[in-house]
Amino acid sequence: MLSFFTRQRIRGGVHAEEHKTETAAQPIVHDFPLPKKLYIPLQQHVGKPAEPLIRVGDHVLKGQLLAYSQGMISAPVHAPSSGIILDVNDYPAPHPSALPIRTIVLETDGKEEWLEIHPVEDPFQLSPEDISLRVGAAGIVGLGGATFPTAVKLNMGRENHIDTLIINGAECEPYLSCDDRLMQERAEQIIDGVRLMLHGMETEHAVVAIEDNKPQAFLAMQTAAASHAHIDVIQIPTRYPMGWDRQLIRYVTGKEVPVGSRSSEIGVTIHNVGTAYATHKAIRHGQPLLSRVVTVAGGAVKRPMNVEVPLGTLISELFNFCEVNADETARIIMGGPMMGDSLPHIGLPTVKATSGILALTQAELKDSDEKPCIRCASCVTVCPAGLRPLDMANNIRVNQLDAAVDIGLKDCISCGCCSYICPSNIPLVQYFKYASGEVMARQQAAHKSEQTKRLIDDRNARMERIAQQQREEELARIAAKAERERLKAEQEATV
Amino acid sequence: MIPHLKPTSGAHVGAKSSVSQIMWQVMLAISPATVFGIWCFGWPALNLFVITIVSAVGFEAFCIRLQGRVAIPVIMDGSALLTGWLLAMTLPPWAPWWIGVVGSGLAIVLGKQVYGGLGQNLFNPAMLARVALLISFPIEMTTWANVSPLFFSDSPGLFESWHITFAGLENLDATTGATTLGYVKTEFSQNRLLTDILKDYSGFLNFIGWTRGSMGETSSLLLGLGGVWLIRQGVIQWHIPVSLLFMVAFLASIFHIMDSEHYISPLLHLNSGAIMCVAFFIATDYVTSPNTKTGQMVFGAGCGLLIFVIRTWGAYPEGAGFAVLLMNSATPLIDHYIRPRIYGRDRKGKPLEIPKS
Amino acid sequence: MYVLSAIVSLTLLGLFLGLLLGIAAKYLKVESSPIIDELESLLPGSQCGQCGFPGCRPAAEALADGKAPATICPPGGSALAEQIAALLGLDLDLSEVKEPELLVARVSEDTCTGCTRCFKVCPTDAIVGAPKQIHAVVADACIGCKKCVEVCPTECLQMHPIEVTIRNWRWNKPSVPEVSSAVC
Chain A
1 MLSFFTRQRI
11 RGGVHAEEHK
21 TETAAQPIVH
31 DFPLPKKLYI
41 PLQQHVGKPA
51 EPLIRVGDHV
61 LKGQLLAYSQ
71 GMISAPVHAP
81 SSGIILDVND
91 YPAPHPSALP
101 IRTIVLETDG
111 KEEWLEIHPV
121 EDPFQLSPED
131 ISLRVGAAGI
141 VGLGGATFPT
151 AVKLNMGREN
161 HIDTLIINGA
171 ECEPYLSCDD
181 RLMQERAEQI
191 IDGVRLMLHG
201 METEHAVVAI
211 EDNKPQAFLA
221 MQTAAASHAH
231 IDVIQIPTRY
241 PMGWDRQLIR
251 YVTGKEVPVG
261 SRSSEIGVTI
271 HNVGTAYATH
281 KAIRHGQPLL
291 SRVVTVAGGA
301 VKRPMNVEVP
311 LGTLISELFN
321 FCEVNADETA
331 RIIMGGPMMG
341 DSLPHIGLPT
351 VKATSGILAL
361 TQAELKDSDE
371 KPCIRCASCV
381 TVCPAGLRPL
391 DMANNIRVNQ
401 LDAAVDIGLK
411 DCISCGCCSY
421 ICPSNIPLVQ
431 YFKYASGEVM
441 ARQQAAHKSE
451 QTKRLIDDRN
461 ARMERIAQQQ
471 REEELARIAA
481 KAERERLKAE
491 QEATV
Chain B
1001 MIPHLKPTSG
1011 AHVGAKSSVS
1021 QIMWQVMLAI
1031 SPATVFGIWC
1041 FGWPALNLFV
1051 ITIVSAVGFE
1061 AFCIRLQGRV
1071 AIPVIMDGSA
1081 LLTGWLLAMT
1091 LPPWAPWWIG
1101 VVGSGLAIVL
1111 GKQVYGGLGQ
1121 NLFNPAMLAR
1131 VALLISFPIE
1141 MTTWANVSPL
1151 FFSDSPGLFE
1161 SWHITFAGLE
1171 NLDATTGATT
1181 LGYVKTEFSQ
1191 NRLLTDILKD
1201 YSGFLNFIGW
1211 TRGSMGETSS
1221 LLLGLGGVWL
1231 IRQGVIQWHI
1241 PVSLLFMVAF
1251 LASIFHIMDS
1261 EHYISPLLHL
1271 NSGAIMCVAF
1281 FIATDYVTSP
1291 NTKTGQMVFG
1301 AGCGLLIFVI
1311 RTWGAYPEGA
1321 GFAVLLMNSA
1331 TPLIDHYIRP
1341 RIYGRDRKGK
1351 PLEIPKS
Chain C
2001 MYVLSAIVSL
2011 TLLGLFLGLL
2021 LGIAAKYLKV
2031 ESSPIIDELE
2041 SLLPGSQCGQ
2051 CGFPGCRPAA
2061 EALADGKAPA
2071 TICPPGGSAL
2081 AEQIAALLGL
2091 DLDLSEVKEP
2101 ELLVARVSED
2111 TCTGCTRCFK
2121 VCPTDAIVGA
2131 PKQIHAVVAD
2141 ACIGCKKCVE
2151 VCPTECLQMH
2161 PIEVTIRNWR
2171 WNKPSVPEVS
2181 SAVC
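Protein chains in written order, with the working numbering: chain A, 1 to 495; chain B, 1001 to 1357; chain C, 2001 to 2184.
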């Protein structure tokens, strides 16, 4: 009835060259040789880092809890293989800065001895709360890259009464095909994971959304979901960033998530297909999250593939296995080429968020030769969030960060569409990331100076109080002395 | 081991388009109309075309050198070439050489570089130069050569053309005349009626460009084809041309229906003067037009309105240049008020409300 | 007669307008802004002296007189500079200003004797410890005033730049490739 006023379902976006066929056509590789050492960061998720409960020298079994989650939003970390703990210390993080982060180093013994695990016969007999607990204990986080602890999301789903669970199988980033392969090969298990999630959130309906450039994955998922009427598998147009959760929510449900709210507040929750698969493994088989499928691709990779690796595997070992040509590699990227960040070297571990590692050649990269902006407004056209990147970048260039915030800097999702399309090769996203960091730093500085002032006032008040006390004591002493002398004088007088 | 690299943010891959590629595509789109125009008006037109373009590039190089930068890479982006080309298209084909040089100087130096170069200018450089020339040199800028194609016996030869370009035109009455719009305007002032004035008018010849006018503006057909190709290539959006042409046609229809003897028909409006060239290639200039689709529609409609008003009631027979400049100055305002809605916010920028279920 | 009426009417007009002005001055009175107090309340108030003035009050006076730039206060950083510029209505070009490298004090545990002198002078109570025990600096509360360094008898306190960690790492601003603002 009000169809005139319904919002358009897809806004902005680009269609980049996909480069997916090479890796999407061959099965996931499972014979990755177990690395001698695994570097397992204590923070592989949004929230507080996990707290280690092992000591250096301990022998651990595969699947054993290494560090427990602390606080409301956190996730535990498990041993991806059996072996001995070599160190718990600071090691470079898989982050564009490669700055150190607390990491457990595990020397594997090659025996792959499992901890005793307890599969569940009929998980639908478990209470929804129990599902959340088990998912949380398995260390499962959003495997699409957001790494938000899944158990927290399931709990929020129960609290907010979710109408629709969306399973994100868009995988809109070029090059990446790990979700595609997972859906092709393990559709049954994913659908089972979806059913478990539905049970855990007490939700009736799920929609699996797959971009229409993955017909085989769609077919496999559709077949797997055929006997479950409450799970729909749909095809969605191939247009980056279709996998942006809010874009997908709008496309599937027609609803828009207000700024500053969570999707669960409008009755929708979104999970990645990889997360659904991990949930299946955690509940049915009692296996915590120990490994993930990583796409290794790019022009410098001789054997591009999807490979299942234990968490904590160094990228250098992955690159050896996939025969990456170091001379041709112009840039190493963690994640996809649109939103991923460059890594400074390959001595960094793969973590729960690592959906892909790309080694791109110079020819594949966008030109870095920056030209003046010609106001072509392509960036305005492609922005899925409805921002004006050119104006924001102009403000940031002259350090008018407040003006940039006023026109929507905080609503930028760093999807990279504007940088991708810009004919002048302006690094727009980097401007926005810089400005966001700077705005945050200034807020912190302002906060600190407030704190400082409070501390100084407290100190001054204390000093004043002490001085006052001393004065009073002094006065009291003088008074007492005077009193004593008066008494003495009186006594003398009487005597 | 792969060496240490400085942190770089996405997107790491990019669309295969560049500033110079966009400029070359526009030049390709206007070349049929230009070639046809040069053929129609012969050697003097070619002389003027070459002089205008060369001086535009020369002025650009001069300004870049003044800034202490290397000129060659900046020239290679093609923007100065395009500005000179567009300016040449809007000049009377047999204008003397210095019109081209002064025009290029105005366009590049005053129209573009004083604002800070590519992307910074408020007004379209070619239109700024054209209007400045029209006001400063009204005689030269309204002397329209008859159609006298290359290699025809009546047309001026190569040597004669140098005389026309460098020494000026003699025997004006024999070789020049008025444009359709100019003719209509003068005859209206003689109190003649439209049917009478347009006895000899041929819509078809005007459509293909066989008529007096600026060098590259006469052929509605070729300009229209070039424009449609640019839209298909995704270089320009349809919003500005369509809203501009529609606005002119709409207003012209209303007035023509009300009084067909004193208001020219919409077809004649669309088929004459600079309107096709302006709609597809001038008003769509990225730098000086709004950023949003809605803003572009407003901009185009505003241009159309002003063109119609100036043509119908103004002192000049053609108002496209003025219209574009006026709307250029309104572009920042349009961009300020017409913004895209941010995801999850309403038009005013407040977060959306959570619907009560 | 005309002259008289002109004089009378103009006088009355003058009186009436004067009355209006008087009323306006009374009811629409703008509180005179005690600019120095306001400036002083913006400044950290730690009297650290890094600006070159003997304290925050003299610095505020210098700012109010226009004798000091808005970027005067190193601990306040660019956030404070922007607030000062907004208050004084100054044009602030932060692109020219290098963010000063912030330093924090750190205690070298080998030489600290636990003499408590440093934490007595610390304006923000950023140093914790007890007599005869090794002291420690709370980096988040340290404002880099160096007062503790001056009083330390064993030189065990030293200033160090704030460590860049993965939590406070930030993206650099992309460098602008060529001058685009030069005038022809």
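All C-beta atoms in this analysis are idealised placements derived from N, C-alpha and C, irrespective of residue type, glycine included.
Exercise. When DSSP labels each residue in this structure, what does A359 of chain A get in the three-state scheme?
Worked result: strand
Problem set entry | Neighbour flag for T6 of chain A against chain B, beta carbons, 8 Å | In this prediction, T6 of chain A has a pLDDT of 48, which is less than 50 and means its spatial position is unreliable; what the coordinates show is noted afterwards. No, because no Cβ of chain B sits closer than 8 Å to the Cβ of T6 of chain A.
Exercise. Can you list the residues of chain C that E438 of chain A reaches, using a CB-CB cut of under 9 Å?
Worked result: Neighbours of E438 of chain A on chain C, chain order: S2078, R2170, W2171 and K2173.
Problem set entry | Pair within 8 Å by beta-carbon distance, V1109 of chain B and F1059 of chain B | yes
For this session: Given a cut-off of 8 Å, decide if M334 of chain A and S264 of chain A are closer than it, judged by their beta-carbon atoms.
Result: Result no, Cβ atoms of S264 of chain A and M334 of chain A do not sit closer than 8 Å.
Problem set entry | Under 7 Å from the C-beta of A441 of chain A: neighbouring residues of chain C | R2170
Exercise. Which stretch, first to last residue, makes up the beta strand (DSSP E) that contains K453 of chain A?
Worked result: Premise fails: K453 of chain A lies in the alpha helix (DSSP H), L428 to T494, not in any beta strand (DSSP E).
Problem set entry | Cβ-based contacts, 9 Å cut-off: residues of the region 1318-1342 of chain B near chain A | D1335, R1339, P1340, R1341 and I1342
Exercise. For H1012 of chain B, which residues does DSSP report across the bridge?
Worked result: According to the DSSP secondary-structure assignment, H1012 of chain B is paired through a beta bridge with no residue.
Exercise. Taking Cβ positions only, does T2165 of chain C come closer than 8 Å to chain A?
Worked result: Using a Cβ-Cβ cut-off of 8 Å, T2165 of chain C counts as an interface residue toward chain A, since at least one Cβ of chain A sits closer than that to its own.
Exercise. Of the residues that make up the region 1006-1019 of chain B, which ones have a beta carbon closer than 7 Å to any beta carbon in chain A?
Worked result: If you check each beta-carbon in the region 1006-1019 of chain B against every beta-carbon of chain A, the ones closer than 7 Å belong to P1007, T1008, S1009, G1010, A1011, H1012, V1013, G1014, A1015, S1017, S1018 and V1019.
Exercise. If you check the beta carbons only, do P1007 of chain B and G260 of chain A fall under 8 Å apart?
Worked result: Not in contact: P1007 of chain B and G260 of chain A (Cβ atoms no closer than 8 Å).
For this session: For A482 of chain A, decide whether its Cβ has a neighbour in chain C, counting only Cβ atoms nearer than 8 Å.
Result: Under the Cβ distance rule, A482 of chain A does not count among the residues neighbouring chain C, no pair being separated by less than 8 Å.
Exercise. Using a Cβ-Cβ cut-off of 6 Å (strictly less than) and excluding sequence neighbours within five positions of L1158 of chain B, which residues of its own chain qualify?
Worked result: W1043
Exercise. Buried or exposed: W1094 of chain B, going by 16 or more other Cβ atoms within 10 Å of its Cβ?
Worked result: That one is buried.
Exercise. Considering only the beta carbon of each residue, do I249 of chain A and I162 of chain A sit closer than 8 Å?
Worked result: In this structure, I162 of chain A does not lie closer than 8 Å to I249 of chain A by Cβ.
Exercise. Tell me which same chain residues have a C-beta within less than 8 Å of the C-beta of D212 of chain A, skipping the five on either side of it?
Worked result: Excluding positions up to five away in sequence, the list reads F218, Q235, I236, P237 and T238.
For this session: Would you mind reading off the limits of the alpha helix (DSSP H) that contains Y1183 of chain B?
Result: T1180 to S1189
Exercise. What is the rounded straight-line gap between the Cα of R2170 of chain C and the Cα of M1089 of chain B?
Worked result: 51 Å
For this session: Report the neighbours of K386 of chain A on chain B: residues whose CB is nearer than 7 Å to its CB, in chain order.
Result: Strictly speaking, residue 386 of chain A in this sequence is Gly, with Lys absent from that position. Simply P1340, R1341, I1342 and Y1343.
For this session: Kindly indicate which residue of A:A359, A:G83 and A:K453 has the alpha-carbon position closest to the one of I54 of chain A.
Result: A:G83
For this session: Output yes or no for whether 8 Å exceeds the beta carbon distance between S2046 of chain C and C2145 of chain C.
Result: yes
Exercise. If we count the other Cβ atoms within 10 Å of its Cβ and call it buried at 16 or more, is V1019 of chain B buried or exposed?
Worked result: buried
For this session: Given a cut-off of 8 Å, decide if L1091 of chain B and G1103 of chain B are closer than it, judged by their beta-carbon atoms.
Result: yes
Exercise. So which residues of chain A does G1119 of chain B contact, with C-beta pairs closer than 7 Å?
Worked result: Neighbours of G1119 of chain B on chain A, chain order: P372, C373, I374 and R375.
Problem set entry | Element boundaries [beta strand (DSSP E), containing M305 of chain A] | M305 to P310
Exercise. Roughly how many angstroms separate the alpha carbons of M1001 of chain B and E51 of chain A, rounded to a whole number?
Worked result: Interpretation of M1001 of chain B is limited by its pLDDT of 43, a score under 50 that renders its predicted location unreliable; the figure taken from the coordinates is listed afterwards. Spanning the alpha carbons of M1001 of chain B and E51 of chain A requires a straight line of approximately 32 Å.
Exercise. Helix, strand or coil: which one does DSSP assign to G2049 of chain C?
Worked result: coil
For this session: Using a Cβ cut-off of 8 Å (strictly closer), state whether I236 of chain A contacts chain C.
Result: no
Exercise. Among A:G200, A:H205, A:P215 and A:G57, which has the Cα closest to the Cα of D179 of chain A?
Worked result: A:P215
Problem set entry | Those residues which DSSP pairs with P2161 of chain C across a bridge | C:L2103
Problem set entry | Whole-Å CB distance - C1277 of chain B paired with L1223 of chain B, under 8 Å assumed | 5 Å
Exercise. Do the region 313-322 of chain A and the region 487-494 of chain A make contact, defined as three or more Cβ pairs closer than 8 Å?
Worked result: no
For this session: Reducing DSSP to helix, strand and coil, say where W1094 of chain B ends up.
Result: coil
Exercise. Chain B partners of P500 of chain A, CB-CB under 8 Å?
Worked result: Since the displayed chain A opens at 1 and closes at 495, residue 500 of chain A lies outside it and no answer follows.
Exercise. Bridge partners of L65 of chain A, per DSSP?
Worked result: A:H78
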